Amino acid sequence: MAHALIFDMDGTLFQTDKILEFSLEDTFNDLRSRGQWDKETPIEKYREIMGVPLPTVWDTLLPHHSEDIREHANSYFLKRLIANIREGKGALYPHVKEVFCDLKEKGCSIYIASNGLTEYLKAIIDHYQLNHWVTETFSIEQIQSLDKADLVGSILEKYRMDKAVVVGDRLSDIQAAKNNGLISVGCHFDFAKEEELSEADLIIHDLRELKTILPEIFQWE
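With the sequence shown counted from 1, adding 102 to any position gets you my numbering.
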């Protein structure tokens, strides 16, 4: 059976902070124009919860606002994220394509499991032409539970795998691996937290380190 890697997107493959401030500022400017916000844009608060599903984002950033306002903010934010991606304001982390090429040459299957919404993920995949390497991208939007462990489980079930490595920067990625009996690789990148990464089986600071650790995990010659 081919070896498989399941990657997170935000904070692991895609440098979300490159478009985060643009998109969040756009969204809160829109709320200000509607008389629904009169403070600074809560960028630091968003960084603290980076990686959670978007409904949770708006519950956290707009805890005293109505569901209608949260839904509007969510829709507007997604629209601005996608526009900024297509305008080239975002960026992949260094060496993503280099590492993907190396993995494919070694016969690995590559999947993405993300808390991002389908349309957002598609914009990234299309803009950076990642489908050249990625077998399939899975969004939390595809499952009812909004639990990343269930999302990873759905990948294992669809592709009839019982072994894989999950690569991500947040606790949800590490728990998704553990709950499915998989190996977790924590990425010590922009949004990672020390206490969360301590739960990972292995930690990397650069995606190229996968070239060193995967031969040991997969027992390559």
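Here a beta-carbon is modelled for each residue, glycine too, at the ideal position from N, C-alpha and C.
Fair warning: this is a prediction, and the values are worked out from it, not measured in the lab.
{"Query": "Opening and closing residue of the alpha helix (DSSP H) in which ILE212 lies", "Result": "No alpha helix (DSSP H) holds ILE212; the beta strand (DSSP E) holding it covers 211-216."}
{"Query": "Reduced DSSP category for LEU164 - H, G, I as helix; E, B as strand; rest coil", "Result": "coil"}
{"Query": "Bridge partners - VAL268, DSSP secondary structure assignment", "Result": "ILE108 and SER286"}
{"Query": "Backbone secondary structure at SER241 - three-state DSSP", "Result": "strand"}
{"Query": "Residue-chain proximity (THR114, chain B), Cβ-Cβ < 8 Å", "Result": "In the structure shown, chain B cannot be found, because there is only a single protein chain."}
{"Query": "The stretch 268-288 in contact with the stretch 298-311 per 3-pair CB rule at 8 Å", "Result": "yes"}
{"Query": "For LEU194, three-class secondary structure by DSSP", "Result": "strand"}
{"Query": "Given TYR148 as reference, the closest of TRP322, ASP170, ARG136 and ILE121 once Cα atoms are compared", "Result": "ILE121"}
{"Query": "Residue range of the beta strand (DSSP E) that includes LEU304", "Result": "304-306"}
{"Query": "Option nearest THR51 by Cα separation, candidates SER256, LEU223 and VAL267", "Result": "This structure cannot settle anything about residue 51, because the visible part of the chain is limited to 103 through 323."}
{"Query": "Paired residues, beta bridge with VAL236 - DSSP", "Result": "ILE212"}
{"Query": "Burial state of SER125, where buried means 16 or more other Cβ atoms lie within 10 Å", "Result": "buried"}
{"Query": "Span of the alpha helix (DSSP H), counted from its first residue to its last, around PHE130", "Result": "119-135"}
{"Query": "Nearest to LYS199 (by Cα), restricted to the options ARG188, ALA215 and ILE227", "Result": "ILE227"}
{"Query": "CB contact flag (VAL267, ILE214, <8 Å)", "Result": "no"}
{"Query": "DSSP beta-bridge partners of PHE293", "Result": "According to DSSP, PHE293 bridges with nothing at all."}
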